[in-house]
Amino acid sequence: MYHALSAVVALWDYRLQGKTLLVPELVANVSVPSDEEELRDRLCDLFSAHVLSLMENGDCVKKVRAEIEEKDRKVESFSSKRGIKLEAFERKKALIAEKDLIVKRLEEFKNGMKNILKFLQGRDGSVYDGEKDDVAVFSLEGTYDWPRIHSLIRMECRRLDDWLPIYAYRQNILKRIHGEQVMVSIGETGSGKSTQLVQFLADSGVAAAESIVCTQPRKMAALTLADRFREESNGCYEENSVHCTPAFFSTEQISSKVVFMTDNCLLQHYIKDRSLSGVSCVVIDEA
Ligand SMILES: Nc1ncnc2c1ncn2[C@@H]1O[C@H](COP(=O)(O)OP(=O)(O)OP(=O)(O)O)[C@@H](O)[C@H]1O
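Note that my numbering numbers the sequence shown so that position 172 is 169, with each residue one more than the last.
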């Protein structure tokens, strides 16, 4: 059995390095709790080391650090010039703002990774501490679902790579959502409001067992967004957790984790059920 355990751990190591997409699994004829515990502990250590190395030296982190250095160099070149003109002063201010946004993105990435580490290391009490007032960006509890944890890690790396400004504000958004009934989010076009906000809510588990509803003015937009959501969060939620109500009028029960529909469809649901039972959050996009 020792060799079988080692093989599974080695295969997971391969997968974490991106050398395979196979899902290593130990299928034993007889369930032996001590073996299961050993495998769990070894995989926790392997995943923790992987997360720590991504935080320290991952390709996406190196890229972001290089961007920060580049911005620093540009800001520095302004500082060395004497008697800066107003136009150059404004340019310098814009560069500093751009750099701050990149730094915030990197912090948010580390925050997400710490959240995963906390879950991985929590088993023996040696919890990796986050900031005290941090909001959990991932809802992780119960048994270790290794393919899901790996998907979350990959999703975070992609988010850091993607450059969408909303990622830098994830903590702020989640804190506001935890503390307030209504939030209005304003951001430039393409900043990630439609594609990311619902993912942040679903990741954080803010809706618990209830649903998150996201509305779009048109059916086509709701369908496209649902597809995009499935694609970007592939492997991060249970199957069938994303649903798109296909008609303008629907008598379907709202039960999936995330439901995309038209504004009109939500209105029909509301007329039928004034308390919108089973719905925890409503995101009215393009309001
Ligand atoms: N289906 C898709 N396929 C490929 N890229 C997409 C898709 N949907 C969105 N994107 C890209 O994702 C990024 C974020 O888009 P998103 O729609 O979330 O921004 P937004 O802030 O909601 O913009 P807007 O205010 O215009 O609605 C953009 O760069 C967009 O081009």
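Positions of the beta carbon are idealized from the N, C-alpha and C atoms, including for glycine.
Query, Result
"Measure the C-alpha to C-alpha separation of Lys96 and Leu2 and round it to an integer number of angstroms.", "45 Å"
"Can you find the residues in the same chain that come closer than 6 Å, C-beta to C-beta, to Phe197, ignoring five residues on each side of it along the sequence?", "Arg167"
"Would you give the residue range spanned by the beta strand (DSSP E) that Ser208 belongs to?", "Ser208 to Gln213"
"Is Thr319 near Leu263, with beta carbons less than 8 Å apart?", "As displayed, the chain neither begins before -2 nor continues past 284, which places residue 319 out of reach and without an answer."
"Where does Lys16 land, buried or exposed, given buried means 16+ other C-beta within 10 angstroms?", "exposed"
"Which residue's Cα is closest to the Cα of Lys269: Asn26, Asn54, Lys89 and Gln250?", "Gln250"
"Just tell me which of Asp224, Asp131 and Glu229 has its CA closest to the CA of Arg358.", "Given a span of -2 to 284 for the chain in the structure shown, any question on residue 358 remains unanswerable."
"Hey, which residues come within less than 5 Å of ligand 1, measuring from Cβ to any heavy atom, in chain order?", "Thr186, Gly187, Ser188, Gly189, Lys190, Ser191, Thr192 and Arg225"
"DSSP state of Ser272, grouped into three classes?", "coil"
"Does the Cβ of Lys68 have 16 or more other Cβ atoms within 10 Å, making it buried, or fewer, making it exposed?", "buried"
"Could you check where the alpha helix (DSSP H) with Thr221 kicks off and where it finishes?", "Lys216 to Glu229"
"Once the 5 residues before and after Lys172 are set aside, which same chain residues still bring their CB inside 7 Å of it?", "Val132"
"If I follow the unbroken beta strand (DSSP E) through Met258, where does it start and stop?", "Val255 to Thr259"
"Can you tell me where the alpha helix (DSSP H) with Cys154 in it begins and where it stops?", "Trp143 to Asp159"
"Locate the beta strand (DSSP E) running through Cys241, then write down its first and last residues.", "Val239 to Cys241"
"Could you have a look at Ile93 and say whether DSSP puts it in helix, strand or coil?", "helix"
"Alpha carbon to alpha carbon, what distance is there between Phe106 and Met217?", "32 Å"
"I believe Ile163 touches Leu194 by the beta-carbon criterion, under 8 Å. Please report the beta-carbon distance rounded to the nearest angstrom.", "7 Å"
"Unbroken alpha helix (DSSP H) runs of length 4 or more, entirely within the region 170 to 204: which are they?", "190 to 201"
"Taking the alpha carbon of Glu87 as the reference point, which residue from Asp260, Arg227 and Val72 has its own alpha carbon closest?", "Val72"
"What is the DSSP secondary structure of Cys233, reduced to helix, strand or coil?", "coil"
"Need the endpoints of the alpha helix (DSSP H) that Leu137 sits in, please.", "Neither: Leu137 is in no alpha helix (DSSP H) and is coded neither H nor E."
"When DSSP labels each residue in this structure, what does Ser252 get in the three-state scheme?", "coil"
"For the alpha helix (DSSP H) that Ser50 lies in, which residues bound it at each end?", "Pro30 to Asn54"
"So what does DSSP say about Val24, is it helix, strand or coil?", "coil"
"Relative to the C-alpha of Gln265, which candidate in Ala165, Thr242 and Val6 has its C-alpha closest?", "Thr242"
"Using only the alpha-carbon positions, how far apart do Val6 and Lys90 sit?", "49 Å"
"Hey, out of Leu92, Gly55, Leu117 and Val61, whose CA is closest to Arg70's CA?", "Leu92"
"Tell whether a beta-carbon distance below 8 Å holds between Ser293 and Leu117.", "For the chain, the structure presents residues -2 to 284; residue 293 sits outside this window and is missing."
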